[in-house]
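Count the sequence shown with the numbering used here and you get residues 102 to 728, in order.
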Amino acid sequence: MVNSLILSSVWAFCLRIWEWFKVSAIGRAFFYVCSAVSKSWHNSSIMTFMRRDEREYADKSAVVRILKCPFTFLDFLKRKIGAFINENIKASFLCRWAKVYINNFTAINTRFFGIMLACTGSVYTALKLARGQGIVITEIAATALGVIMLLKNYNVMRFINNSAIVNFLKGCAGYKGLDLEAYSEKETHGVTRLILAAAVGVITGAGLGLAGFLGALIPFAVFGLLLVMYAPVTGVFAALFAAPFLPTMILAGLCMWTLLSLAIKAVTHEDFKWRFDMVGAGILLLLAVLLVSSVMSFNPAGSLKVWAMYLVFLTFYFVVINSVRNKAQLEGLLKLFVISGALVALYGIAQYLFGWTTTNAWIDEGMFADSTMRVYSTLGNPNVLGEYLLLVLPVAAAWFLKFNKNDWSKWAYAAMFAVLALCLVLTQSRGCWIGFLLSVCVFVTFYNGKLWGLIPIALCIIPFVIPQTMVDRFMSIGNMGDSSTSYRVYIWLGTLGMLKHYWLGGIGMGEAAFNEVYPFFSYNAIQAPHSHNLYLQLTVEAGVAALIVFLVIMIVFIKKLSLVYKPLERRSTQTLMPLAIGSGVIGFLAQSMFDYTFYNYRVMAVFFMVLALGMCFAHFKKEAALE
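And the structure:
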C-alpha cells in the first residue's frame with residue numbers, strides 16, 4: 102500500500118514536470134533538436150543509399166539462376182504433370198476423408214468427438230484389462246462422456262464464436278473480424294465422419310496404451326497434418342506461435358511438413374507463382390557455403406547434422422513469403438507473434454515470482470550476491486530468452502501505437518509490451534539490454550524524433566522502478582572482474598587465434614568440429630561449445646565467405662524495409678510494422694556481438710521467420726505497383 106502510494110505520487114510528479122517541460126522554452130528547444138536529429142538521419146547518405154530503388158540485374162545472373170533451380174524444377178513439374186496430379190488428388194477418397202475430418206474437428210461436432218472419445222476409452226480399457234491392469238475412473242468417465250456427447254449432433258464452435266467472452270478476447274487481441282465458424286455445415290452430417298471418428302478413436306486408445314499421454318495427441322496431430330496440407334499458411338501460423346514451446350525436432354518436423362505441403366500446392370495449382378528475392382538468394386548462397394565447410398569439416402558427421410538443421414529452418418523463409426498471400430494473414434501472424442511472446446514472458450515472470458529457476462548459473466555470485474536468479478522461461482537459457490524477446494518487443498510496441506486509444510486492443514498490447522519488457526529485465530542479459538536500447542533508438546528516431554523528449558521523464562522514473570542490483574549489473578558491462586565477461590573475452594581471443602589459421606575456409610559447422618580445434622587455441626584452459634559471437638562463429642565455421650554473405654543478407658534486408666517505410670504514413674501498418682521488424686532485427690544483431698545467437702535452433706528459426714515477415718511487406722508493395 103505504501104509502495105503503491107509512493108509510486109503513484111512519483112508518477113504524478115513526473116507527469117507535472119513533463120507538462121511543464123513541454124511548454125517551456127527549454128522543452129521547445131529540446132524538441133527542435135530531437136526533430137532535427139531525426140530528420141538528419143532520414144536525409145543522411147546512409148538512408149539515401151538504403152532507399153535507392155535500383156533496378157535489379159541480379160535475376161539475370163548465372164548465380165541466381167542456379168540458386169533458383171529448385172523453384173524452376175517445381176514450375177517444370179507443374180507444367181508437365183501438375184493438372185494430372187491435381188485431378189487425381191481431388192478425386193481420391195483420402196482427400197474426401199481429410200476434408201470431412203478437418204471440418205468436423207474445426208466445428209467441434211459433439212457426435213464426431215463423442216464417438217472418438219467413446220472408442221478411445223473402450224480400446225484403452227480393453228488393453229488394460231488384457232494386461233491384467235486395474236481400471237480407474239478416468240477411462241470409465243471418458244467412455245461415458247463420449248456416449249453422452251454422441252447423442253446430439255451439435256457444433257460447439259457456433260456457441261464459442263458468438264460468446265461474449267470470446268468476442269472480448271478477439272477484440273483485445275486485434276482479431277475483431279475473425280470468424281471461428283470456418284467450416285462447412287454440410288460436412289458435419291453423414292456416415293463418413295462417424296467412421297473416421299471411430300477409426301481415430303481406436304488408434305488413439307491403442308496409442309494411449311503404448312505411449313501413455315502422448316497417445317492422446319494423435320487426433321490433434323492428424324488434424325494439424327491434414328490442415329497444413331490443405332492450407333500451408335496454417336503451418337506458418339503454428340510454427341511462429343509454437344516455436345518457443347515445441348522441442349526443436351518437432352518444430353523441424355512441422356517446418357518440413359509445411360514445406361512439403363507448399364511444394365504440392367505449387368505443383369498442383371496453376372495460378373501459384375513463387376516469390377524469390379535477393380534475401381532468399383543470399384540465404385541459399387549461405388547454405389551452399391556452409392555445406393562446403395561441413396563436407397570439409399574436422400568432424401563431417403557432426404557438421405552435416407548441424408547443416409541439416411540450418412537447411413530446414415533457413416529454407417522455411419521461402420515457405421513464409423510464399424504462403425502469406427494477403428495483408429490480413431500477415432497482420433494476423435504479427436499479432437500472434439506478440440501473443441506467443443507474451444505467454445513466454447509470463448512464464449518467465451512466474452519463474453521469478455515463484456522461484457521456479459532451478460540453478461544460479463549464468464551469473465557471477467561473487468559480484469552479484471543479491472541477484473542470483475535469471476529467468477529463462479521455455480528457452481532454457483536467459484540470453485536465448487532475451488534474444489527472442491528482442492524480436493517480439495518492437496512489434497508489440499508497434500501494435501500499441503497502431504490502435505486507437507478507445508480500442509481495447511491498444512491497452513491489451515500495452516500490457517503485453519510491459520510483460521515482455523519486464524521479462525527482458527529479469528533475464529539480466531546485458532547484451533540483450535544493449536540490443537534493446539539500440540532497437541529503441543532506431544524505432545524512436547524513425548517513428549517520431551520528438552519522442553526523445555521522453556528521456557527526462559524516463560530518467561526521473563528509472564531510479565524508482567529499476568532495482569539497484571539491475572543497475573549494478575548494467576554498469577558492470579566491460580568489467581573483467583565479472584567471470585562471465587572475462588569468460589567471453591578469453592573465448593574471443595582463442596577464436597581469433599583459430600581464425601589466423603582457418604579464416605579462409607573455416608573448420609566446419611557445429612560444436613563437434615569446434616571442440617576438435619578450439620582446445621589448441623584456448624586461453625586459461627577455458628572450455629566452450631562455441632565462440633559466443635555470431636560473426637566470429639560464422640567465420641570460424643565456414644570462413645570469411647560465410648560472414649560476407651550473412652552481412653550482405655542483412656544489408657539487403659534493411660534496404661528492402663527502407664524502401665517500404667514511408668515517413669509521412671508512419672501510423673499505417675505498412676510503415677509501422679517494417680520499422681518495428683527492422684528495429685528488432687538490428688537489436689538482435691547487436692546482441693549477436695556478445696553471443697552465438699543461432700546456437701538455439703528455435704531462436705534461429707524465429708529470426709528467419711521474422712525476416713520473411715518483413716520481406717512480405719516488400720513483396721506486397723512490389724505486387725501492388727504491378728497491378
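Note that the Cβ used here is the ideal one computed from N, Cα and C, for glycine as well.
query: Under 8 Å between C-beta atoms of Gly302 and Met250; result: no
query: Buried versus exposed call for Thr211 [16 or more other C-beta atoms within 10 Å across all chains shown]; result: buried
query: Touch test, the segment 301-315 against the segment 386-397, Cβ-Cβ under 8 Å, three pairs minimum; result: no
query: Cut-off 7 Å between Cβ atoms - residues of its own chain near Gly383, not counting five sequence neighbours on either side; result: Val650, Val653, Ile654, Val657
query: 8 Å Cβ shell around Met694 - same chain, five flanking residues per side excluded; result: Gly532, Asn634, Leu635, Tyr636
query: Burial state of Asp482, where buried means 16 or more other Cβ atoms lie within 10 Å; result: Looking at the sequence shown, residue 482 is not Asp but Asn. It is buried - the Cβ of Asn482 has at least 16 other Cβ atoms within 10 Å.
query: Option nearest Phe689 by Cα separation, candidates Trp509, Leu270, Val707; result: Val707
query: Through-space distance from Val224 to Leu230, alpha-carbon basis; result: 10 Å
query: Span separating the alpha-carbon of Arg156 from that of Lys660; result: Bear in mind that a pLDDT of 46 at Arg156, under 50, signals an unreliable position, so the number given afterwards is only what the model happens to contain. Arg156 and Lys660: Cα-Cα distance of roughly 13 Å.
query: Cutoff 6 Å; reference Glu724; Cβ partners in own chain excluding five residues on either side; result: none
query: N-terminal and C-terminal residue of the alpha helix (DSSP H) that Pro679 is part of; result: 674-692
query: Close-in-space but distant-in-sequence residues of the same chain around Ala647 (CB under 6 Å, 5 per side omitted); result: Val390, Leu639
query: Rounded straight-line distance, which links the Cα of Val439 to that of Gly275; result: 11 Å
query: Proximal residues to Phe377 (C-beta, below 7 Å), its chain only, five neighbours per side dropped; result: Lys169, Phe172
query: Inter-residue Cα distance where the pair is Ser510 and Leu662; result: 26 Å
query: Asn210 in three-state terms, based on DSSP; result: strand
query: Among Phe455, Gly183, Gly247, the one whose alpha carbon lies nearest that of Ala364; result: Gly183
query: Three-way DSSP call (helix, strand, coil) for Ala713 in this model; result: helix
query: For Leu341 and Phe469, the rounded distance between their alpha carbons; result: Because Phe469 sits at a pLDDT of 48, beneath the cut-off of 50, its placement in the model cannot be relied upon, and the following sentence gives the value as read from the coordinates. If you take the alpha carbons of Phe469 and Leu341, they lie about 36 Å apart.
query: First and last residue of the uninterrupted alpha helix (DSSP H) at Asn187; result: 184-192
query: Burial state of Tyr418 (16 or more Cβ within 10 Å); result: buried
query: Inter-residue spacing [alpha-carbon to alpha-carbon] between Phe260 and Tyr202; result: 20 Å
query: Test item: CB-CB of Trp198 and Leu326 under 8 Å; result: no
query: 8 Å Cβ cutoff met for Gly609 and Ser404; result: yes
query: Proximity to Thr479 [Cα-Cα], best of Trp457, Trp500, Ala499, Lys551; result: Trp457
query: Ala219, buried or exposed, once every other Cβ within 10 Å from all chains shown has been counted against 16; result: buried
query: Helix, strand or coil at Asn262 [DSSP, three-state]; result: helix
query: Whole runs of the alpha helix (DSSP H) within the segment 346-380, excluding any shorter than 4 residues; result: 349-369
query: Run of the alpha helix (DSSP H) containing Ile535, from where it starts to where it stops; result: 531-548
query: Beta-bridge partners of Asn256, as assigned by DSSP; result: Asn210
query: Gln430 (DSSP reduced to helix, strand or coil); result: helix
query: Alpha carbon of Gln234 to alpha carbon of Lys179, nearest angstrom; result: 55 Å
query: Per-residue burial, Phe194 [other beta carbons within 10 Å of its own, 16 or more giving buried]; result: exposed
query: Same chain, Cβ closer than 6 Å to Leu279, five either side skipped, listed in chain order; result: Lys271
query: Range covered by the alpha helix (DSSP H) that runs through Arg671; result: From DSSP, Arg671 is part of no alpha helix (DSSP H); its letter is neither H nor E.
query: Rounded C-alpha distance that separates Thr369 from Leu175; result: 10 Å
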